[in-house]
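Asker: Its first residue numbered 77, the sequence shown is counted upward by one per residue in the working numbering. Can you keep this structure in mind? I'll have questions shortly.
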Amino acid sequence: MKKLLLSAAGLLAATSAMAQYDINTAQDAVKYATDNLTGSARFRGLGGAMGAVGGDPSAVGINPAGSAIFNYNTGTASLSSYNRSNNANFFGNNNRKNDNNFALNQLGLFMVFNNGKEGAVMNKFAFGFNYENTQSFYNAVSITGNNPVGSIADYFVKYANGFGNVGGVGTGFLNNSNVYDFPNMSYIDQQAYLGYNAYAFNPVTNTSDNTSYVSNVPAGLKPMQSSYIRTSGYNGKVALNFAAQFFSKLSLGANINLHFTDYINNTNFIENTNNTSGSGLQYLEFNTQRYTYGGGASFNLGAIYNIAPYLRLGAAYETPTWLTLQDEVTQRISSTANNQSYFTDPQATMVGDNYTIKTPAKYTGSAAFIFGKRGLISVDYGLRNYANTKYSNGRYAELNTELSQTLDWAGDLRIGTEWRVKALSLRAGYRNLQSPYKNGTTLGDLNSVSGGLGYSFNGARVDLAYTWQQRKSDISTLRPDFTQAAQVKTTGNNVTLSFTLDL
77 MKKLLLSAAG
87 LLAATSAMAQ
97 YDINTAQDAV
107 KYATDNLTGS
117 ARFRGLGGAM
127 GAVGGDPSAV
137 GINPAGSAIF
147 NYNTGTASLS
157 SYNRSNNANF
167 FGNNNRKNDN
177 NFALNQLGLF
187 MVFNNGKEGA
197 VMNKFAFGFN
207 YENTQSFYNA
217 VSITGNNPVG
227 SIADYFVKYA
237 NGFGNVGGVG
247 TGFLNNSNVY
257 DFPNMSYIDQ
267 QAYLGYNAYA
277 FNPVTNTSDN
287 TSYVSNVPAG
297 LKPMQSSYIR
307 TSGYNGKVAL
317 NFAAQFFSKL
327 SLGANINLHF
337 TDYINNTNFI
347 ENTNNTSGSG
357 LQYLEFNTQR
367 YTYGGGASFN
377 LGAIYNIAPY
387 LRLGAAYETP
397 TWLTLQDEVT
407 QRISSTANNQ
417 SYFTDPQATM
427 VGDNYTIKTP
437 AKYTGSAAFI
447 FGKRGLISVD
457 YGLRNYANTK
467 YSNGRYAELN
477 TELSQTLDWA
487 GDLRIGTEWR
497 VKALSLRAGY
507 RNLQSPYKNG
517 TTLGDLNSVS
527 GGLGYSFNGA
537 RVDLAYTWQQ
547 RKSDISTLRP
557 DFTQAAQVKT
567 TGNNVTLSFT
577 LDL
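See below:
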């Protein structure tokens with residue numbers, strides 16, 4: 077028998093490892109394979125088009141040969157303000173949500189050793205490090221609307237009935253389990269257990285060996301659904317850089333990159349089924365917190381060649397990144413069904429097995445037109461084949477197939493310009509990052525414009541940049557492969573302030 081009220085006073089802060097962990101989706105892998113335009117204010121002001129320009133800590137992340145362009149020992153620190161506005165359309169209903177945060181998003185130091193010997197093969201050697209938040213996950217999306225095609229009950233029914241190579245969950249198992257058993261269940265069993273005890277679905281037959289279930293929401297209703305999704309955290313990268321300049325023309329460099337991820341997703345889903353019959357599911361609230369953390373490594377190679385005093389060409393390659401990640405998940409559910417209230421809170425933090433995501437390699441070509449000390453115009457173009465994004469664990473074979481079939485090559489065009497008037501520098505930039513998806517809608521193209529200025533004084537420089545960007549995407553109310561998605565237009569406004577000191 078199901079309990080009227082389920083609680084777990086004896087399981088406070090319980091922790092367990094889950095077998096058959098199944099919370100990951102193809103979109104999760106894409107999230108870690110894409111990055112945003114971050115870095116120093118000069119880099120952002122130029123739209124990130126500094127692959128052949130060099131001489132900036134963030135430019136070294138694109139082309140590691142760029143540190144050989146520095147003339148002096150240099151240190152730079154940057155502080156950014158992030159603002160995101162999300163306008164979500166869910167079955168014709170629009171909802172807007174804003175989010176703001178601040179971060180020390182960049183810190184770098186480079187040492188330069190010049191060879192004053194005339195005719196030397198190696199004119200300069202440089203090494204250093206640069207830390208950056210390559211992507212900020214701070215965001216808030218609010219989705220609300222009447223759903224004419226589905227209920228939250230369908231989510232739980234799919235788990236209970238089984239999918240893929242996993243069979244249905246037995247009614248006897250659900251009736252005889254309690255919250256004390258919850259930490260030892262598979263993720264699939266956990267979702268079925270939560271939905272069953274919230275009366276989201278019913279068994280087809282009342283036998284212990286039954287594995288077929290149907291929704292407890294009467295047909296023909298248009299449930300009012302609200303999903304508030306708040307995320308926080310970041311992807312970070314530390315680049316350990318080495319570069320040298322030869323014959324005053326050719327610069328070669330390499331980076332060893334250490335990546336780390338810290339991501340929290342809090343999803344609060346509420347459904348009012350608009351069921352006034354007095355029987356069946358009437359209201360449900362489902363809360364999930366997912367904490368993902370881990371790290372990985374990649375490697376960069378790059379070259380910059382001075383074709384003429386007014387022209388530099390650059391080329392760079394970054395290997396795939398192998399991220400080893402782990403998830404911690406907590407969930408609770410409450411509902412009203414048959415005019416009675418139900419509540420299940422296992423109060424257990426479920427720790428999943430480690431898994432690895434391989435992100436695609438990146439190829440970048442760059443050109444910079446240098447007009448003496450007056451200014452420059454630069455262009456970068458990067459390419460990635462996102463279809464090469466993969467989970468390493470064999471249990472993700474179906475997701476890897478989905479990734480290879482739905483993702484494609486994507487280009488990243490960046491154009492920037494900088495002009496100097498005595499101690500003042502004026503900058504502008506543009507960026508177009510293509511969608512990694514073949515359909516172009518799951519995650520759309522990103523368009524961005526930026527502007528900035530810098531002021532040099534006594535061996536130091538202060539830079540300020542503003543960036544506007546916009547992108548459309550489909551965001552599901554609960555989970556991409558089980559629930560309907562809202563069409564979300566995200567507009568970002570970023571202000572970055574950097575201080576650079578020549579040592």
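Don't be surprised by glycine CBs; every beta carbon is placed ideally from N, CA and C.
Answer with buried or exposed for E474, where buried requires no fewer than 16 other C-beta atoms within 10 angstroms of its C-beta.
Answerer: In the sequence shown, residue 474 corresponds to position 398, counting from 1. That one is exposed.
Asker: Just how far apart, CA to CA, sit N508 and S374?
Answerer: One-based indexing of the sequence shown puts residue 508 at position 432. One-based indexing of the sequence shown puts residue 374 at position 298. One C-alpha to the other measures close to 24 Å.
Asker: Within this structure, are the beta carbons of K565 and N170 separated by less than 7 Å?
Answerer: Here residue 565 corresponds to residue number 489 of the sequence shown, with the count starting at 1. Here residue 170 corresponds to residue number 94 of the sequence shown, with the count starting at 1. Not closer than 7 Å, so no.
Asker: How many Å lie between S161 and P279 at the Cα?
Answerer: The residue given as residue 161 occupies position 85 in the sequence shown. The residue given as residue 279 occupies position 203 in the sequence shown. Rounded to the nearest angstrom, the two C-alpha atoms are 43 Å apart.
Asker: So which of A379, A276, N286 has the shortest CA-CA distance to G246?
Answerer: What you label residue 246 is simply residue 170 of the sequence shown in a count that begins at 1. If we check each option's Cα against that of G246, N286 comes out closest.
Asker: Suppose the cutoff is 6 Å on Cβ atoms and the five residues either side in sequence are ignored; what does the same chain contact list for G568 look like?
Answerer: For the purposes of this step, residue 568 is taken as the residue at position 492 of the sequence shown. Excluding sequence neighbours, G568 sits near R160, Q545.
Asker: Straight-line CA distance for Y304 to S552?
Answerer: Within the sequence shown, numbered from 1, the residue matching residue 304 stands at position 228. Within the sequence shown, numbered from 1, the residue matching residue 552 stands at position 476. Roughly 11 Å separates the two Cα atoms.
Asker: If we ignore side chains and look at the alpha-carbon of each, how far apart do K107 and N260 end up?
Answerer: Along the sequence shown, one-based indexing puts residue 107 at 31. Along the sequence shown, one-based indexing puts residue 260 at 184. K107 and N260: Cα-Cα distance of roughly 29 Å.
Asker: Taking the straight line between their C-alpha atoms, what separation do you get for A486 and N292?
Answerer: Along the sequence shown, read from residue 1 onward, the residue named residue 486 stands at position 410. Along the sequence shown, read from residue 1 onward, the residue named residue 292 stands at position 216. Their backbone Cα atoms lie some 44 Å apart in a straight line.
Asker: Using 7 Å as the threshold, is the C-beta distance between N223 and P299 below it?
Answerer: Taking the first residue of the sequence shown as position 1, residue 223 is located at position 147. Taking the first residue of the sequence shown as position 1, residue 299 is located at position 223. In contact: N223 and P299 (Cβ atoms closer than 7 Å).
Asker: Rounding to the nearest angstrom, what Cα-Cα distance links Y97 and T110 in this structure?
Answerer: Sequence index remark: in the sequence shown, residue 97 carries index 21 (1-based). Sequence index remark: in the sequence shown, residue 110 carries index 34 (1-based). In this prediction, Y97 scores a pLDDT of 43, lower than 50, which makes its location untrustworthy; the coordinate-derived value is nonetheless stated afterwards. C-alpha separation (whole angstroms): 24 Å.
Asker: From E194 to F323, what distance separates their C-alpha atoms?
Answerer: In the sequence shown, residue 194 corresponds to position 118, counting from 1. In the sequence shown, residue 323 corresponds to position 247, counting from 1. Going by the C-alpha atoms only, they are around 10 Å apart.
Asker: What is the rounded straight-line gap between the Cα of F258 and the Cα of Q416?
Answerer: Residue numbering aside, residue 258 sits at position 182 when the sequence shown is read from its first letter. Residue numbering aside, residue 416 sits at position 340 when the sequence shown is read from its first letter. So the alpha carbons of these two residues sit roughly 23 Å apart.
Asker: For G530 and T493, which I take to be in contact (beta-carbon distance under 8 Å), what is that distance rounded to the nearest angstrom?
Answerer: Position 454 of the sequence shown, counted from the first residue, corresponds to residue 530. Position 417 of the sequence shown, counted from the first residue, corresponds to residue 493. That pair is no contact at about 13 Å.
Asker: Quick test of the definition: if touching needs 3 or more C-beta pairs under 8 Å, does the region 360-370 touch the region 125-132?
Answerer: Segments in contact, no.
Asker: In the DSSP assignment, find the beta strand (DSSP E) that holds N223 and state where it starts and stops.
Answerer: Position 147 of the sequence shown, counted from the first residue, corresponds to residue 223. N223 -> no beta strand (DSSP E), and no H or E assigned at all.
Asker: Please name the residue, chosen from R120, N254, G142, that lies closest to Y542 on a Cα-to-Cα basis.
Answerer: The residue labelled residue 542 in the question sits at position 466 within the sequence shown. Among R120, N254, G142, the Cα nearest to that of Y542 belongs to R120.
Asker: Going along the chain, which unbroken runs of the beta strand (DSSP E) with 3 or more residues stay wholly within the region 484-539?
Answerer: List check, beta strand (DSSP E) in window: 485-497, 500-509, 519-533.
Asker: Taking the DSSP output, what are the residues bridged to Q358?
Answerer: Looking up residue 358 in the sequence shown gives position 282. Paired residue(s): none; Q358 is not in a bridge.
Asker: Quick check: what's the CA-CA separation for D403 versus G243?
Answerer: As a first step, residue 403 is located in the sequence shown; it is residue number 327 there, counting from the start. As a first step, residue 243 is located in the sequence shown; it is residue number 167 there, counting from the start. Taking the straight line from one Cα to the other gives about 24 Å.
Asker: In the region 191-258, which residue ranges form an unbroken beta strand (DSSP E) of at least 3 residues, counting only runs that do not cross its ends?
Answerer: Listed in chain order, they are 198-212, 215-222.
Asker: For A330, list the residues DSSP reports as bridge partners.
Answerer: Locating residue 330 in the sequence shown gives position 254, counting from the first residue. In DSSP, A330 forms a bridge with F318, L377.
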